[in-house]
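The sequence shown runs 1 to 333 under the UniProt record's numbering. For glycine and all other residues, C-beta sits at the position ideal for the given N, C-alpha and C. Just so it is clear, the structure is predicted and the values come from calculations on it, not from any experiment.
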Amino acid sequence: MFVARPGTAEAIGAAVARRSVRNRWLWMKLVAIWIPFVAFMGFLLGGFGIGVGAVTIAVTVGVRLLGRGAVARNMSAQAAMYAGPGMVMASRFGPDALDIAQFDGHTRLAYDQVRGVYPEPSGVVVLFYSGMFVGFPRELFPDWAIEILRSAADKRPWDASNLPPLPPIPRLEQPTVVMVADAGTAAAMARAISRQMLIVLVPVMAVLAVVGILQAWVTQGIPGLVTALVIATALFGIVLNGAARGKRLTREKYARLMPPGEPLAVRFGTYTVELQTATFRVRHPYNVIRSLRLRGPAALLGTTFVAAYPRELFPEHAITHMLGMNPRIRLKR
Numbered sequence: 001m002f003v004a005r006p007g008t009a010e011a012i013g014a015a016v017a018r019r020s021v022r023n024r025w026l027w028m029k030l031v032a033i034w035i036p037f038v039a040f041m042g043f044l045l046g047g048f049g050i051g052v053g054a055v056t057i058a059v060t061v062g063v064r065l066l067g068r069g070a071v072a073r074n075m076s077a078q079a080a081m082y083a084g085p086g087m088v089m090a091s092r093f094g095p096d097a098l099d100i101a102q103f104d105g106h107t108r109l110a111y112d113q114v115r116g117v118y119p120e121p122s123g124v125v126v127l128f129y130s131g132m133f134v135g136f137p138r139e140l141f142p143d144w145a146i147e148i149l150r151s152a153a154d155k156r157p158w159d160a161s162n163l164p165p166l167p168p169i170p171r172l173e174q175p176t177v178v179m180v181a182d183a184g185t186a187a188a189m190a191r192a193i194s195r196q197m198l199i200v201l202v203p204v205m206a207v208l209a210v211v212g213i214l215q216a217w218v219t220q221g222i223p224g225l226v227t228a229l230v231i232a233t234a235l236f237g238i239v240l241n242g243a244a245r246g247k248r249l250t251r252e253k254y255a256r257l258m259p260p261g262e263p264l265a266v267r268f269g270t271y272t273v274e275l276q277t278a279t280f281r282v283r284h285p286y287n288v289i290r291s292l293r294l295r296g297p298a299a300l301l302g303t304t305f306v307a308a309y310p311r312e313l314f315p316e317h318a319i320t321h322m323l324g325m326n327p328r329i330r331l332k333r
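Written out as structure tokens, the structure reads:
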């Protein structure tokens with residue numbers, strides 16, 4: 001058990017931001033895109049094109065590094081909802097998962113989904129879990145628990161058989177809506193999240209590709225057109241491969257959150273909304289909600305990140321109440 005102190009949330013936010021910037025997998029993906037991009041620009045415009053490519057890379061790196069402060073502020077604001085001064089947190093470890101309980105929520109993390117464990121000098125443990133970085137106070141993680149998580153992250157066997165099974169996550173009291181996930185619920189949520197990402201990415205890439213290909217055709221003729229098509233195809237292949245992997249991970253994530261037969265619940269209060277799935281129970285004050293996008297069977301709720309929930313959990317009267325409490329929520333149907 002741990003009682004958060006002044007500065008705990010800020011320490012968590014700073015540690016998560018630091019690890020996010022150092023994410024080697026992200027940098028490897030960017031390098032895989034930058035190399036053919038610079039080659040493409042060099043082919044089109046010679047040395048000037050290589051210079052343009054280099055400047056583009058430098059700007060991307062600069063934005064990534066300078067954006068660390070914004071990430072830290074966002075993560076600190078999120079952490080303040082469960083690790084503000086005086087708030088109590090507790091951890092419990094089972095044979096195959098751990099629970100983090102806060103005053104307003106409950107999170108269950110499966111060991112086999114941990115991909116990195118980073119104890120920080122600031123007294124924070126950062127986990128790379130299910131494709132994202134999350135941070136918690138170091139006091140919640142005894143040394144033997146850190147070793148279990150490191151074994152899981154390194155794909156080595158771990159022995160936690162001496163730990164008792166975790167009890168069910170406590171259910172919401174007096175929920176506004178309860179539904180039971182069916183065989184297609186998780187897949188529908190994963191599709192909605194993946195589609196939202198592609199809506200932003202694909203048009204930008206398509207415009208850049210068309211402009212580059214036409215430029216190559218005009219300046220280099222048929223050989224330039226063929227080369228541009230090859231390079232553009234390679235770039236699209238890299239991006240689509242990454243998108244396919246991301247979609248698979250998202251599908252696996254939602255399969256854990258909303259397995260068939262699992263009750264899903266929501267409670268709309270005066271100032272907050274509480275949501276419960278198979279692996280977490282969370283409370284969002286309306287003033288931290290940024291957007292709500294209704295996409296077919298899914299409702300995409302945007303706070304410091306975007307999560308998909310079944311549309312049935314957001315009845316019209318509840319949406320009206322949310323907008324009344326926070327008119328800045330961007331509603332898209």
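Euclidean distance between Cα positions of residue i and residue j
i           : j    : result
F268        : M132 : 27 Å
D159        : S291 : 43 Å
L198        : P263 : 30 Å
P85         : F236 : 47 Å
R92         : L149 : 13 Å
A278        : M258 : 6 Å
F2          : L240 : 43 Å
V178        : Y118 : 37 Å
R245        : I50  : 30 Å
R293        : S194 : 14 Å
Q78         : A58  : 30 Å
G302        : Y309 : 11 Å
H284        : Y129 : 21 Å
E252        : A188 : 12 Å
residue 348 : V207 : Shown here, the chain extends from 1 to 333; a query on residue 348 therefore has no answer.
R328        : G42  : 45 Å
residue 335 : Q276 : Residue 335 lies beyond the range of the chain shown here (1 to 333); nothing can be said about it.
Endpoints, the alpha helix (DSSP H) within which residue i is located
i    : result
G324 : 316-325
V16  : 8-21
R150 : 143-153
Cutoff 6 Å; reference residue i; Cβ partners in own chain excluding five residues on either side
i    : result
A110 : A97
N287 : N326
Residue i Cβ short of 7 Å to the ligand MG heavy atom set
i    : result
N162 : Ligands displayed in this structure: none; no statement on the ligand MG is therefore possible.
Interface flag, residue i vs chain B, CB-CB below 8 Å
i    : result
L292 : Absent here is chain B; the protein component of the structure consists of one chain.
Which residues DSSP lists as bridging residue i, in chain order
i    : result
A109 : The residue you asked about is not Ala; residue 109 is Leu in the sequence shown. Note: L109 sits in a beta bridge opposite L98.
A307 : L301
S91  : I100
Y129 : V114, M132
M179 : L264
L331 : L292
V3   : V88
V230 : According to DSSP, V230 bridges with nothing at all.
Cutoff 7 Å; reference residue i; Cβ partners in own chain excluding five residues on either side
i    : result
P175 : A265, V266, R267
P260 : A181, D182, A183
R19  : Y118, V126, F133
Enclosing beta strand (DSSP E) for residue i [first to last residue]
i    : result
E274 : 272-276
L264 : 263-268
S291 : 291-295
R115 : 114-119
P285 : 280-285
Proximal residues to residue i (C-beta, below 8 Å), its chain only, five neighbours per side dropped
i    : result
L163 : F93, G94, P95
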